[in-house]
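Participant:
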Amino acid sequence: MRKTAFITGASGDIGFAIAKKFAQNNFNLLLQYNITDMAEKTTYLKNSYGIDVKTFKCDFSKIEDIEIFAENIIKLQNIFYNSIDVIINNSGMSLYGLFQDVKNEDINRIFNINLKAPIIITKKLLKLMISKKEGNIINISSVWGETGGSCETVYSATKAGLIGFTKALAKELAPSHIRVNCISPGVINTKMISSFSDSEISALKDEIPMGRLGLPEDIANAAYFLASENAEYITGEVLKVNGGFYL
Numbered sequence: 161m162r163k164t165a166f167i168t169g170a171s172g173d174i175g176f177a178i179a180k181k182f183a184q185n186n187f188n189l190l191l192q193y194n195i196t197d198m199a200e201k202t203t204y205l206k207n208s209y210g211i212d213v214k215t216f217k218c219d220f221s222k223i224e225d226i227e228i229f230a231e232n233i234i235k236l237q238n239i240f241y242n243s244i245d246v247i248i249n250n251s252g253m254s255l256y257g258l259f260q261d262v263k264n265e266d267i268n269r270i271f272n273i274n275l276k277a278p279i280i281i282t283k284k285l286l287k288l289m290i291s292k293k294e295g296n297i298i299n300i301s302s303v304w305g306e307t308g309g310s311c312e313t314v315y316s317a318t319k320a321g322l323i324g325f326t327k328a329l330a331k332e333l334a335p336s337h338i339r340v341n342c343i344s345p346g347v348i349n350t351k352m353i354s355s356f357s358d359s360e361i362s363a364l365k366d367e368i369p370m371g372r373l374g375l376p377e378d379i380a381n382a383a384y385f386l387a388s389e390n391a392e393y394i395t396g397e398v399l400k401v402n403g404g405f406y407l
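Here the sequence shown is numbered in the working numbering, starting from 161 and rising by one per residue.
(1) Looking at C-alpha atoms only, which residue of K287, A383, I361, G403 is the closest neighbour of I174?
(2) With 16 other CB atoms within 10 Å as the buried threshold, where does A179 fall?
(3) Assuming Y166 is part of the beta strand (DSSP E), what are its boundary residues?
(4) Kindly indicate which residue of T202, I234, A317 has the alpha-carbon position closest to the one of N268.
(5) How long is the line joining the alpha carbons of N409 and I195, rounded to whole angstroms?
(6) With burial defined as no fewer than 16 other Cβ atoms inside 10 Å of the residue's Cβ, what is the status of R372: buried or exposed?
(7) With burial defined as no fewer than 16 other Cβ atoms inside 10 Å of the residue's Cβ, what is the status of F182: buried or exposed?
(8) In the structure shown, what three-state DSSP assignment does N250 receive?
(9) Roughly how far, in whole angstroms, is the beta-carbon of I338 from the beta-carbon of T282, given that I think they are within contact range, below 8 Å?
(10) Suppose contacts are defined by Cβ-Cβ distances below 8 Å. Is S301 in contact with G169 by that definition?
(11) What distance in whole Å lies between the Cβ atoms of T215 and G193, which are believed to be in contact at a cut-off of 8 Å?
(12) Take the Cβ of C342 as the centre, count every other Cβ of all protein chains shown within 10 Å, and call the residue buried at 16 or more, exposed below.
(13) Nearest-angstrom Cα distance between E154 and S221?
(14) Going by other Cβ atoms of all chains shown within 10 Å of its Cβ, with 16 needed for buried, is A387 buried or exposed?
(15) When we look at the beta-carbon of I228 and count the other beta-carbons within 10 Å, is it buried (16 or more) or exposed?
(16) When the Cα of Y209 is compared with those of I273, E312, D245, R162, which residue comes out closest?
As structure tokens, this is what we get:
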């Protein structure tokens, strides 16, 4: 029977690359997005891979919307699918600027999207995995969650929190045969860095031993590996995908 993957932030470069990778491997998809419309991408996934795709728009900056969204996912799962086999918490936003200039409302917004949403959604959907004693949860963090990024203080804090959440939950769920892992991307060639100048991009490449920026597909490949049987004895890990940028 075909498995189901639930992916947040699916309209972004990394999120869509992950969705495509799982579609290529015959997963049905439940996809969350917020700003960018998913109609064209949904049609592509359905027509190209013959899978079932359902999309949902939700603004994760609002806690009450996250709660309602998670309940709707559970209802949909009960109607259409046996279970959700893989949860990938990928949605996120960055916040660049001096810490002393950051507004409180922006702090609340980024914490809701980057940390509270993954925690709340995972908690809501977890009962589905516990009941069958199997499943995979993959959280997308960042190199700044490990090292801290200057002028990205709040963003770094949320991504570090996601790593802590991963490690603690992995210990708690291991007896239920549910694996929880985290991916820590380095500098990935996405729209998030589209405002960088050519000289800034070149300087970044110079800092990466492998000499190139990461691709969304690099993260997608890592996510699929962690969800596969090839990683069945791996849990609580932070998988660095950064070309040697940080070791």
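Quick reminder that beta carbons are idealized off the backbone N, C-alpha and C, glycines included.
Facilitator: Once the coordinates are examined:
(1) A383
(2) buried
(3) Here residue 166 is Phe; the residue named in the question, Tyr, does not match the sequence. Per DSSP, F166 belongs to the beta strand (DSSP E) from 164 to 167.
(4) A317
(5) Outside the shown range of the chain, which is 161 to 407, sits residue 409, and nothing can be said about it.
(6) exposed
(7) buried
(8) coil
(9) Wrong, their Cβ atoms sit about 10 Å apart, outside the cutoff.
(10) no
(11) Looking at the sequence itself, residue 193 is Tyr, so the reference to Gly does not match. Yes, they are in contact, since the Cβ atoms of Y193 and T215 sit about 6 Å apart, within 8 Å.
(12) buried
(13) Lying outside 161 to 407, the shown extent of the chain, residue 154 is not represented and no answer is given.
(14) buried
(15) exposed
(16) R162
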